[in-house]
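Undergrad: Going by our numbering, the first residue of the sequence shown is number 6, and it counts up by one from there.
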Amino acid sequence: MRNAVYSIIPYFPKKSRGEGKIISRSVRFLQKITQNRPIVCGTLDKTGRLQYNFREHTKEKTGVKGQGIALAAAAILTACLSGCSGPEEHRHEIVYVEGCAPTCTEAGLSGYWECTDCGARFSDEAGEHPAEPEVLSALGHNFAVEETPATCEEAGLFVSVCLRCGLREEEAIPATEHLFGSWFTTREPTCGEEGEETRVCALCGRLETRPLSALAHEFDGDNTCLNCDYTCVATPGLSYTLVLGADGNPEGYAVSRGTAETEEIVIAPYHEGLPVVAVADGGFRNSIGLRSVRCYAPIRTIGTNAFRGCAWLEEIVLPESVEVLEEAAFYACSAARTLSIGSRLTFIASRSFYGMQQLETISVSEDNPVYAGEGNCLVERATGTLLLGAGESVIPDGVRSIADYAFYDNRKIESVELPAGVTSIGVSAFGGCEALTSFAFRGTEGEWARVEKGQEWRDHSPFGEIRFGSKGAS
C-alpha cells in the first residue's frame, strides 16, 4: 500500500569507535527535517515493513555521507531501497454514504462523504471539510390510546398503539367492584311474613335485596298478638303442671300431651294467664304419630325424655328461649332430618339426641356462646368436643374429641375425615353407621395409634382400611 503515513521512531545500532559525532549530527538532522511529524513516502515489502531510501533523500541536503547516512537511516527504517522516487501526494476517492433514519427505539445517522482508500469522512463531496456523521436521536413512540372502562363486574382494557411503528400494548383494568350504600327497608316484615331490604350500587345502579326475618309474635295473657291480632289457640287436650320458682311462687306451667291425639301440636304462650315455661319430663314421650311441634311459648327447659321415642317427628326447632335440654330429651327421634338450636341454649345433657338415624343437617345460632354448628356438626366451643354429627357433616379442624354416640346409628353419613388434632373417640361414636364406607385420619399412622378409642367405637360400620395423611391417602 503506497502513500501510507508513518511516524519516525529513532533507533540506533551499536556505534563503532569514532562514530559518535556522526551519529549526533544525524539525529539533529532527523529532528530538524521531521519536526516530529509523520513522513509520507516509500513502499511496503512482503513483511509489511516500510522500505525507504533515506540516503537518496538526505545526502544532498545535509552533507552527511557514508557511515553517518547509513546509521541515520537505520535509526528510522529497516532497509534502503534504491530507486525511491520520494513522497507521493494522497488523493481521496470519495463516495457518498447514505444515512439511516431514526426509529422509535433506535438512533439514526446522517449521510456523509467517505474516502474509499483511507476511510476519512467529510461533510462535502470535495473532501475539504473533515467531519463525522451526525447521530440522530431515537424518536420515541407516539402512542394513541383507547380505553374500555372497567365496570363493577367486568375488567376494562387500556390499549396503546404507536402511530409510527404500530407497536400495540394492552393493560387490563381491574373491575371496580360494587360500591353499595346502606341497606334500607323496602318491605316491612310482619309476624307471619318476611320483609325485605335493599341497597344500591353508586357506580352502576345495581340493586341487591335480602330478606328481613318475620317478626315474632308478641302475645298478651290471652294469647293474642299485640302486633297483628293473631290469636294462638293451643291444641285441645294438652295438660299443664304448675312450675314453682325458688321462692315458692308460681313461675308458669310445664306442658305435656295429656289427651291430645294429633300429628301437629301447637303450644300457646300462656295458660290461664301464666306463661308456659317448660316441657314436662316425659311430656310427649312415645307420641308415635307426632310429626311437628309449633311452639309459641317462652319455654326455657325441655325436660328429661320429653320427646323420647317420637319416631315420626321430622324437624326439631328449639325455640330461641330454650336454655336447658335435659337427658334424652329427643332420644330415638329416628325420623328427624334437621335440628336447629337458638342462641340461649347453654346446657345439653347426655343422650339428648341419641339415635337420630336420618339426621342430615345441624344449625346453631352464631350468637350462641357455648355451642357452634360449623360443618353441620354440634360442637362444644370450650372443649372442641363434637357432640353430634349428621349425614352432611364435615368435621371442623378445631375438633379435639368425638363424644360418645356422636354419630351412632346415623344412616345417612357415608364418609368421615378426622382432623389430625383429634385425640379421643367416644364409645360407639361411629357405631351402626351402615352407609359409612370411607374413613380417613389426616394425621400419621403413629398419631392414629395414640388416639384414645372407646369401646365399640366403630362396630357395625362397613368401612375397611383407614386412610392416613393430609388428604386421607392410604
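For each residue, glycine too, the CB sits at the ideal point set by N, CA and C.
Owing to the predicted nature of the structure, the values given are computational and were not obtained by experimental measurement.
Kindly give me the distance between the Cβ atoms of Val329 and Phe352, rounded to whole angstroms, as I take these residues to be in contact under 8 Å.
TA: About 5 Å separates the two Cβ atoms, so the contact holds.
Undergrad: If you draw a straight line from the C-alpha of Phe468 to the C-alpha of Cys209, how long is it?
TA: One C-alpha to the other measures close to 54 Å.
Undergrad: Are the CB atoms of Gly257 and Val282 nearer to each other than 8 Å?
TA: For Gly257 and Val282, yes; Cβs fall inside 8 Å.
Undergrad: With DSSP as the reference, identify every bridge partner of Gly263, one or two as the case may be.
TA: Answer is none; Gly263 lacks a bridge partner.
Undergrad: Using three-state DSSP, classify Gly186 as helix, strand or coil.
TA: Looking at Gly186 - three-state DSSP - the assignment turns out to be coil, as it is neither helix nor strand.
Undergrad: In the DSSP assignment, what are the bridge partners of Glu202?
TA: Paired residue(s): Thr190, Arg215.
Undergrad: In whole angstroms, give me the CA-to-CA distance for His97 and Thr121.
TA: Taking the straight line joining both Cα atoms gives about 8 Å.
Undergrad: Can you tell me the Cα-Cα spacing of Phe289 and Glu223, whole angstroms?
TA: Computed Cα separation, rounded: 26 Å.
Undergrad: Indicate the three-state DSSP secondary structure (helix, strand or coil) for Gly2 in the structure shown.
TA: Beyond the ends of the chain as shown, which are 6 and 479, falls residue 2; an answer cannot be given.
Undergrad: Roughly how far, in whole angstroms, is the beta-carbon of Ser480 from the beta-carbon of Thr390, given that I think they are within contact range, below 8 Å?
TA: Residue 480 lies beyond the residue range present for the chain, which begins at 6 and ends at 479; the question has no answer from this structure.
Undergrad: Do Phe335 and Ile346 have their C-beta atoms closer together than 8 Å?
TA: No.
Undergrad: Using 10 angstroms around the beta-carbon of Ser357, count the other beta-carbons present and answer buried if the total reaches 16, otherwise exposed.
TA: Buried, by the Cβ-count rule.
Undergrad: Which stretch, first to last residue, makes up the beta strand (DSSP E) that contains Glu152?
TA: Looking at the DSSP string, the run of the beta strand (DSSP E) that includes Glu152 is 148–153.
Undergrad: With contact counted as at least three CB pairs below 8 Å, one residue from each stretch, are the stretch 163–171 and the stretch 108–121 in contact?
TA: In short, these stretches touch, since the Cβ pair count reaches three.
Undergrad: Thinking C-beta only, is Val399 closer than 8 Å to Gly380?
TA: Yes; because the gap between Cβ atoms is below 8 Å, this pair is in contact.
Undergrad: Is Pro324 closer than 8 Å to Ile293 when the C-beta atoms are compared?
TA: Going by C-beta atoms, Ile293 is not nearer than 8 Å to Pro324.
Undergrad: Mind checking whether Arg204 and Phe185 have CB atoms under 8 Å apart?
TA: In this structure, Phe185 lies closer than 8 Å to Arg204 by Cβ.
Undergrad: According to the neighbour-count rule (16 or more other Cβ atoms, all chains shown, within 10 Å of its Cβ), is Asn254 buried or exposed?
TA: Exposed, since its Cβ has fewer than 16 Cβ neighbours within 10 Å.
Undergrad: Closest to Ser339 by CA distance: which of Asn291, Thr267, Gly451 is it?
TA: It is Asn291 whose Cα lies nearest to the Cα of Ser339.
Undergrad: Going straight from the alpha carbon of Ser475 to that of Glu159, what length do you get?
TA: Looking at the two C-alpha atoms, the distance is approximately 37 Å.
Undergrad: By Cβ distance below 7 Å, which residues in the same chain neighbour Asn228 in space, the five residues on each side in sequence not counted?
TA: Answer for Asn228: Thr236, Cys237, Ala273, Pro274, Tyr275, listed in chain order.
Undergrad: Taking 8 Å as the cut-off, decide whether the C-beta atoms of Leu269 and Ser244 are in contact.
TA: It is Glu, not Leu, that sits at residue 269 in the sequence shown. The answer is no: Cβ separation not under 8 Å.
Undergrad: If you check the beta carbons only, do Ser433 and Asp409 fall under 8 Å apart?
TA: Yes, they are a contact pair.
Undergrad: Exposed or buried, what is Tyr359 when buried is set at 16 or more other beta-carbons lying within 10 Å of its beta-carbon?
TA: Tyr359 is buried by the Cβ-count criterion.
Undergrad: Buried or exposed for Asp464, please, with buried defined as at least 16 other CB atoms from any protein chain shown within 10 angstroms of its CB.
TA: Per the 10 Å Cβ criterion, exposed.
Undergrad: Note down, one range per segment and in chain order, each beta strand (DSSP E) of at least 3 residues found wholly within the stretch 413–479.
TA: Counting whole runs of 3 or more residues, the stretch 413–479 contains the beta strand (DSSP E) stretches 420–423, 443–446.
Undergrad: Any beta carbon of chain B sitting closer than 8 Å to that of Ile418?
TA: The structure shown contains no chain B; it is built from a single protein chain.
Undergrad: Could you compute how far the alpha carbon of Trp453 sits from the alpha carbon of Gly437?
TA: Their Cα atoms are separated by approximately 21 Å.
Undergrad: Using only the alpha-carbon positions, how far apart do Pro194 and Ser348 sit?
TA: Going by the C-alpha atoms only, they are around 21 Å apart.
Undergrad: Leaving out the 5 sequence neighbours to the left and right, which residues in its chain are closer than 6 Å to Phe148 when beta-carbon positions are compared?
TA: Ser165, Cys167, listed in sequence order.
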